[in-house]
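These notes are about the structure you will find just below.
Protein chains: 2
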Amino acid sequence: MTDPLRTHIEKIVPLTDAEFEFVRSHFISKRYKKHQFLIQDGEPVPYAFFIVSGLVKLGYADAAGKQHIISFAMEDWWESDFQAFYTQTRATLTLDCLEDTEVLCLPFANYQQLRTDLRKMEHFFLEKSNGGHIAAQRRILSLLTTNAKERYEQVVQQFPTLMQRVPKTLLAAYLGVSRETLSRFTS
Amino acid sequence: MTDPLRTHIEKIVPLTDAEFEFVRSHFISKRYKKHQFLIQDGEPVPYAFFIVSGLVKLGYADAAGKQHIISFAMEDWWESDFQAFYTQTRATLTLDCLEDTEVLCLPFANYQQLRTDLRKMEHFFLEKSNGGHIAAQRRILSLLTTNAKERYEQVVQQFPTLMQRVPKTLLAAYLGVSRETLSRFTS
Numbered sequence: 001m002t003d004p005l006r007t008h009i010e011k012i013v014p015l016t017d018a019e020f021e022f023v024r025s026h027f028i029s030k031r032y033k034k035h036q037f038l039i040q041d042g043e044p045v046p047y048a049f050f051i052v053s054g055l056v057k058l059g060y061a062d063a064a065g066k067q068h069i070i071s072f073a074m075e076d077w078w079e080s081d082f083q084a085f086y087t088q089t090r091a092t093l094t095l096d097c098l099e100d101t102e103v104l105c106l107p108f109a110n111y112q113q114l115r116t117d118l119r120k121m122e123h124f125f126l127e128k129s130n131g132g133h134i135a136a137q138r139r140i141l142s143l144l145t146t147n148a149k150e151r152y153e154q155v156v157q158q159f160p161t162l163m164q165r166v167p168k169t170l171l172a173a174y175l176g177v178s179r180e181t182l183s184r185f186t187s
Numbered sequence: 001m002t003d004p005l006r007t008h009i010e011k012i013v014p015l016t017d018a019e020f021e022f023v024r025s026h027f028i029s030k031r032y033k034k035h036q037f038l039i040q041d042g043e044p045v046p047y048a049f050f051i052v053s054g055l056v057k058l059g060y061a062d063a064a065g066k067q068h069i070i071s072f073a074m075e076d077w078w079e080s081d082f083q084a085f086y087t088q089t090r091a092t093l094t095l096d097c098l099e100d101t102e103v104l105c106l107p108f109a110n111y112q113q114l115r116t117d118l119r120k121m122e123h124f125f126l127e128k129s130n131g132g133h134i135a136a137q138r139r140i141l142s143l144l145t146t147n148a149k150e151r152y153e154q155v156v157q158q159f160p161t162l163m164q165r166v167p168k169t170l171l172a173a174y175l176g177v178s179r180e181t182l183s184r185f186t187s
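Residue numbers (full-length UniProt numbering), protein chains in the order written: chain D, 1 to 187; chain W, 1 to 187.
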């Protein structure tokens, strides 16, 4: 079986075996149990995470302690508190596991080193960053222009597998509606 | 006076005179009058725009014809319908001028060529894209966790110059409140 990270990168740039070994050597493999935290609010953010298997949620607790869900991410996706990661400041977000999760952790220094040492990886990261930027702009547009029922229909259409795995209570929180309101959308 | 594009790029990567001349040769200079469109919904998006002077707004008209404002941008910022630009599909957004505006237009083929021909520019674009991704995530968080008055205070703090130049009616639309509600924040 091909390494999931290699398959993921080679959707954008082909790598030789030697190049992939070099890339892979910059990552640290870790496993987390359901409910464990990958990033905690107020702590340093040493890694960007490539998710090999499992499901995580990126969240934010406001001044009143209310939890907001920014995004969910599962296998073949990248996730982090990217502001804290890129600027190497402390997390304002939390990242925790909704399932047992296996990740490849990319330390910030290794991220920079990979970009310098292997031009293909700078190209790869720019393509991924542009994709992330586009996805974030779509989410802004969705928040500005749709109601919760329309957002529900959008996410089910865009991410059918993901939505089956996310507990309904969290899906309701993501959409900004009550669990009861969500039931009306799905019935 | 140093070229504004050069000053902008050199905040991230230093360029020799020859390199800057090479970079600059990939751009086309254009001037637009207040109210003119740089991007129209449904049309191709040949360019990403570096704004030399002036002020533009990126907007979206929903199915009911209601106008939503995604962002404002002024000198030293980049703007486009980035989804349409990066994927070379038709615009779903509009970009129009709130002031007479001078831009440097980067055609998509030139964007790709610059990345290939000058490694410093791939590095520069990745830094800018990461910055854009972070800004978009902050906007999502702001939309999820703050009310209109808090958003008003955030944008005034983050972009004081910009907010003085944006007409109050459009600022109200950006915040998703009526003109009357906005008056209460500012008084």
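A virtual CB, placed ideally from N, CA and C, is assigned to each residue, including glycine.
Since we're looking at a predicted model, the values are computed, not measured.
Residue range 28-32 is occupied by the beta strand (DSSP E) that includes W:ARG31, with no alpha helix (DSSP H) assigned at that position. The C-alpha of W:SER142 is placed about 34 angstroms away from the C-alpha of W:PHE27.
Contact annotation for W:TYR60 against chain D: LEU141, LEU144 and THR145 [CB-CB distance below 8 angstroms, chain order]. In terms of beta-carbon proximity, W:TYR111 stays away from the interface with chain D, with every pair separated by 8 angstroms or more. Residue burial annotation: D:ASP117 is exposed, with fewer than 16 other C-beta atoms found within 10 angstroms of its C-beta. The beta carbon of D:ILE134 sits closer than 8 angstroms to some beta carbon of chain W.
Under the Cβ distance rule, D:SER178 does not count among the residues neighbouring chain W, no pair being separated by less than 8 angstroms. In the three-state DSSP reduction, W:GLU99 falls in the coil class, being neither helix nor strand. For the options W:TYR32, W:GLY59 and W:GLU122, the alpha carbon positioned closest to that of W:ASP41 is the one of W:GLY59. Positions of the beta strand (DSSP E) runs, each at least 3 residues long and wholly inside the UniProt domain "Cyclic nucleotide-binding" (30-114) of chain D, are given as 37-39, 47-53, 55-61, 67-74, 94-97 and 101-107 in order along the chain.
In the three-state DSSP reduction, D:ILE12 falls in the coil class, being neither helix nor strand.
Neighbourhood of D:ARG90 in chain W, by CB distance below 9 angstroms: empty, with the nearest CB roughly 15 angstroms away.
D:TYR47 is outside the set of residues whose beta carbon lies under 8 angstroms from a beta carbon in chain W.
Judged by beta-carbon spacing, W:THR145 lies beyond the 8 angstroms limit of D:ASP76, meaning their Cβ atoms are not closer than that value. Spanning the alpha carbons of W:TYR152 and W:PRO160 requires a straight line of approximately 11 angstroms.
Using a 10 angstroms sphere on the CB of D:ALA73, the tally of other CB atoms reaches 16 or more, which defines it as buried. Using beta-carbon distances, W:LEU126 counts as an interface residue toward chain D, with a partner under 8 angstroms. For W:VAL156, the secondary structure class from DSSP, reduced to helix, strand or coil, is helix. Within chain W, no residue has its CB atom less than 9 angstroms from the CB of D:GLN154, the nearest being about 13 angstroms off.
Under the 10 Å beta carbon count, W:GLU43 is surrounded by fewer than 16 other beta carbons and is classified as exposed.
Cβ neighbours of W:ARG6 within its own chain (closer than 6 angstroms, five residues either side excluded): PHE20. Burial of W:GLY132 is indicated by the presence of at least 16 other C-beta atoms within 10 angstroms of its C-beta. In the three-state reduction of the DSSP assignment, D:LEU118 falls in the coil class.
Look at the segment 70-89 of chain W: the residues with a C-beta under 7 angstroms from a C-beta of chain D are ILE70, PHE82, GLN83 and TYR86. Rounded to the nearest angstrom, the Cβ distance from W:LYS33 to W:CYS97 is 7 angstroms, consistent with a contact under 8 angstroms. Within its own chain, the residues whose Cβ lies closer than 6 angstroms to the Cβ of D:GLN67, once the five positions on either side in sequence are excluded, are GLY59 and ALA61, listed in chain order.
In this structure W:LEU106 is not in contact with W:TYR174, their Cβ atoms being roughly 26 angstroms apart against a cut-off of 8 angstroms. At least 8 angstroms separates the CB of D:GLN36 from every CB of chain W. The Cβ of D:GLU19 sits no closer than 8 angstroms to any Cβ of chain W. Proximity of chain D to W:GLN137 at the Cβ level (cut-off 8 angstroms) is accounted for by ILE70, PHE82, GLN83 and ALA136, in chain order.
For W:HIS123, the C-beta contacts it makes with chain D under 8 angstroms involve ARG115 and GLU122, in order along the chain.
Per DSSP, W:THR181 is one residue of the alpha helix (DSSP H) stretching across 179-186. For D:ASP3, there is no enclosing alpha helix (DSSP H), since its DSSP letter is neither H nor E. In terms of Cβ geometry, D:ALA136 and W:GLN137 form a close pair [threshold 8 angstroms].
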